[in-house]
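The letter at position 101 of the sequence shown is residue 81 when you use the numbering used here, and the numbering goes up by one with no holes.
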Amino acid sequence: MKNKNFKKYFKQYEWSNVWSMLRNSRLDPNICTEHFKDKLVVLTGATSGIGRLTAHKYASQGANLICINRNPEKSEQLKQEIERQHQVNCNYKIADLSILSDIHRVADELSELKEPIDVLIHNAGVYLTRKETTVDGLEKVLVVHYLSSFIINYKLKEKLMQQKEARILLINSEGHRFAAWGLNLDDLNWKHRRYSGLKSYGSAKLAQLQSMLLFNEQFKKSGVIMIAMHPGAVKSETGQENGAIYRWLKHHLLDKTLKEADISAEAIYYLGVSNKLHDMGDHFFNLTTPEKPAPPAMDYEAAKLLWQVSIELAQIEKSM
């Protein structure tokens, strides 16, 4: 059965945008040679994959880090590794970004920092082939990819705007296109629909992009910008939570077609540091190439409806 938004969005799709996406996927990222000495970068999901490489990239250019991770042992290992190799400060906060209380706690701790946050990178992610429900009764992929970044961004708004300058990077995905006909705001938790890993992932990434529209409106003329990017078709450790068949297929088939994740770290550094992006809030990038996202990602009216639902799901008012 067609989504109720089918007619709304169908006429907005253009083949030229599809060809652009395919062409952009073959491009290498722009490289930023500017240093970032003594700046502070906050990064979620830094103990493996793209996150780990990104942490090393920023540290190699002089940035200090606060990493938000689930695993204390891996976090301590990363801290020692980065401080030894790059002579910068690498601190961490332990939080499970699928649990609302952990998200609110870490967001409050970040908002109380005395030093400015120069770049905030939302990298933590999960891909599930079967639905999982969190302790808060929410669908896990939605929380990790979307609500965690929404809560942290919401609670850091005032701090970042008072700083006069900051960048927020959403490590998003071309996968937002799997939610081709928009979000089902009446069932974001997949209680009344058949669960699909691709569709749940796409919906969470689309929600990120829609929220970016309203955050950037609030950041207007403050010196703070939020941008989103697809980190490229690269190898990552996302999906390790799934069954043996999925892991085998990923390792022996899918990963063989993918590039090394170093290009993602280079792109994330460019988007966080380059002085060419000061006025590019709201933009979606394929690595470092600006790209037009799917029509639902640019739907301001839908974004306003999502915002109100997100406030409720995230229990924002209860935590303030």
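Where is the CB? At the ideal position from N, CA and C, for every residue including glycine.
Keep in mind it's a predicted model, so treat the numbers as computed, not measured.
For the alpha helix (DSSP H) containing residue i, name the first residue and the last one.
i	result
M141	128 to 143
F(-14)	-14 to -10
Taking Cβ to Cβ, would you say residue i is nearer than 8 Å to residue j?
i	j	result
I131	A187	no
L163	P96	no
L293	L127	yes
I207	F265	yes
I243	P9	yes
E246	H210	no
R147	V99	yes
V289	L168	yes
L136	L194	no
L178	N152	no
A160	S183	no
E61	N69	no
V115	I79	yes
Y181	V123	no
With 16 as the cutoff for other CB atoms within 10 Å, does residue i come out buried or exposed?
i	result
E119	buried
N326	With the chain represented from -19 up to 300, any question about residue 326 goes unanswered, as that position is not in the structure.
Q57	exposed
R157	buried
H125	buried
T13	exposed
K(-9)	exposed
D18	exposed
F199	buried
K(-16)	exposed
Y(-7)	exposed
So, under 8 Å CB-CB, residue i and residue j are touching, yes? Tell me the CB distance rounded to an integer number of Å.
i	j	result
N133	G31	About 18 Å; that fails the 8 Å criterion.
K54	T24	About 14 Å; that fails the 8 Å criterion.
N(-3)	K272	5 Å
L149	L77	In fact, because the Cβ distance is near 16 Å, the residues do not count as touching under 8 Å.
I101	V22	7 Å
G105	A241	With a Cβ gap of about 13 Å, G105 and A241 do not count as contacting.
Quick one: grab the DSSP three-state call for residue i.
i	result
Y72	strand
R3	helix
I79	coil
E119	strand
R147	strand
S199	Looking at the sequence shown, residue 199 is not Ser but Phe. Note: F199 maps to helix in three-state DSSP.
F158	helix
H172	coil
L189	helix
I101	strand
Along the beta strand (DSSP E) that carries residue i, what are the first and last residues, could you check?
i	result
A208	204 to 210
E61	Looking at the DSSP string, E61 is not in any beta strand (DSSP E); the run it does join, the alpha helix (DSSP H), is 52 to 66.
Could you confirm whether any beta carbon from chain D is found closer than 8 Å to the beta carbon of residue i?
i	result
Y249	Structure shown: chain D not included; a single protein chain is present.
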